[in-house]
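>
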Amino acid sequence: MQMANMFAMMTTEIFSQTNLGLPVLAYRFENNGPEILVLGGVHGDEVEGVAAARALLKELMKNNPYKLNLTIVPEFNIDGVLLGTRMNFRKVDLNRNLPTKDWSPEAKTERYNPGPSPMSEPENKGLVEFLEKRKPKFIVSLHSWKPMININGACEEEAEVLHRMTGYRIDPDIGYPTPGSLGTYSGHEKKIPTITYEIQEEMPLDEVVKMHVPALLEMLKVCEKKYASN
Ligand SMILES: [Zn+2]
Numbered sequence: 000m001q002m003a004n005m006f007a008m009m010t011t012e013i014f015s016q017t018n019l020g021l022p023v024l025a026y027r028f029e030n031n032g033p034e035i036l037v038l039g040g041v042h043g044d045e046v047e048g049v050a051a052a053r054a055l056l057k058e059l060m061k062n063n064p065y066k067l068n069l070t071i072v073p074e075f076n077i078d079g080v081l082l083g084t085r086m087n088f089r090k091v092d093l094n095r096n097l098p099t100k101d102w103s104p105e106a107k108t109e110r111y112n113p114g115p116s117p118m119s120e121p122e123n124k125g126l127v128e129f130l131e132k133r134k135p136k137f138i139v140s141l142h143s144w145k146p147m148i149n150i151n152g153a154c155e156e157e158a159e160v161l162h163r164m165t166g167y168r169i170d171p172d173i174g175y176p177t178p179g180s181l182g183t184y185s186g187h188e189k190k191i192p193t194i195t196y197e198i199q200e201e202m203p204l205d206e207v208v209k210m211h212v213p214a215l216l217e218m219l220k221v222c223e224k225k226y227a228s229n
């Protein structure tokens, strides 16, 4: 399902449908370039990531000079965003539920509940279908925790510009195993460079926008050049 709207080149798509039956909206800018995916709100209580994704979308709706086919999903876990919970409505951690080789039904703690089977959750089914259909060259997923740019796969250039704009450290290892995570699934197994962007938790949202939107825009410039020939 696609709806054109008043904004040049922007369309919306239903990325997936949640357990509560809510549509997960994807906003798409097609401008004759490489496919890039930006996710926010994989963990519904990490409002800083949702705020950054929404503010990035707003900025691009006003002005989008980038030669990219860019998809932004600001509220990937919309049930969790509305309920203010890390997990989705079925209490599954969507960042432990992707069909990675090391997926395991055992949760380290309830917080990391991987669900009854890999990709059991509709949000992740939509994500995996999107990856297969659009074959993005690069993914960034906006979270909040300790400030960190976690890289999975060959995205040092993107991470470097984020580091320069924010001072956040770049780390190829988040510090503990993350079976079923997007970093493992797309970054390592599917060879799509993936950044898990951890914004400082509890940062006031106006500061989130001020610091991270310019950083993300600079990162998109890097993507435009880096993946142009692909
Ligand atoms: Zn998170």
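Note that numbering that gives the first Met the number 0 numbers the sequence shown so that position 215 is 214, with each residue one more than the last. Note that the Cβ used here is the ideal one computed from N, Cα and C, for glycine as well.
Would you check if the segment 105–125 and the segment 151–162 touch, i.e. whether three or more CB-CB distances between them fall below 8 angstroms?
They do not touch, by the three-pair rule.
> Taking the Cβ atom as the reference point for each residue, do Val91 and Glu131 lie within a distance shorter than 7 angstroms?
The answer is no: Cβ separation not under 7 angstroms.
> Return helix, strand or coil for Thr70, following the three-state DSSP convention.
In the structure shown, Thr70 sits in a strand (DSSP, three-state: E or B).
> Could you name the residues of the same chain whose beta carbon sits closer than 7 angstroms to that of Asn96, not counting the 5 residues immediately before and after it, in chain order?
If we look at Asn96 and ignore the five residues flanking it on each side, its Cβ neighbours are Pro113, Gly114, Pro117, Met118, Ser119, Glu120, Asn123 and Gly179.
> Should Ala158 be flagged as near chain B, meaning a C-beta pair shorter than 7 angstroms?
In summary, chain B is missing from the structure at hand, where a single protein chain is found.
> Would the beta-carbon of Glu155 be found less than 6 angstroms away from any heavy atom of ligand 1?
False, no ligand heavy atom lies under 6 angstroms from that Cβ.
> Quick one: does the C-beta of Glu29 sit closer than 6 angstroms to a heavy atom of ligand 1?
No, Cβ of Glu29 sits at least 6 angstroms from all heavy atoms of ligand 1.
> Within 10 angstroms of its Cβ, does Ala227 collect 16 or more other Cβ (buried), or is it exposed?
Result: exposed.
> According to DSSP, Glu47 sits in a beta bridge with which residue or residues?
Bridge partners of Glu47: none, in fact.
> Does ligand 1 have even one heavy atom less than 6 angstroms from the beta-carbon of His162?
No, since every heavy atom of ligand 1 falls outside the 6 angstroms radius drawn around the Cβ of His162.
> Is Glu200 near ligand 1 - that is, is its Cβ less than 6 angstroms away from at least one heavy atom of it?
For ligand 1, not one heavy atom lies less than 6 angstroms from the Cβ of Glu200.
> Compute the minimum distance between the beta carbon of His42 and the heavy atoms of ligand 1, and state whether it is under 6 angstroms.
Yes, the beta carbon of His42 sits closer than 6 angstroms to at least one heavy atom of ligand 1.
> Bridge partners for Asn149 per DSSP, in chain order?
Answer is Asp170 and Thr195.
> Start and end of the beta strand (DSSP E) containing Ala25?
Counting along the chain, the beta strand (DSSP E) containing Ala25 begins and ends at Pro22 to Glu29.
> Alpha helix (DSSP H) containing Phe129: first to last residue?
Here the alpha helix (DSSP H) through Phe129 covers Pro121 to Arg133.
> In terms of DSSP beta bridges, what is Phe137 paired with?
BP columns for Phe137 point to Ile35.
> Consider the C-beta atom of Glu45 and the heavy atoms of ligand 1; say whether any pair is separated by less than 6 angstroms.
Yes - ligand 1 has a heavy atom lying nearer than 6 angstroms to the Cβ of Glu45.
> Between which two residues does the alpha helix (DSSP H) containing Met210 stretch?
Here the alpha helix (DSSP H) through Met210 covers Leu204 to Lys225.
> Please indicate yes or no: does the CB of His211 lie closer than 6 angstroms to some heavy atom of ligand 1?
No, since every heavy atom of ligand 1 falls outside the 6 angstroms radius drawn around the Cβ of His211.
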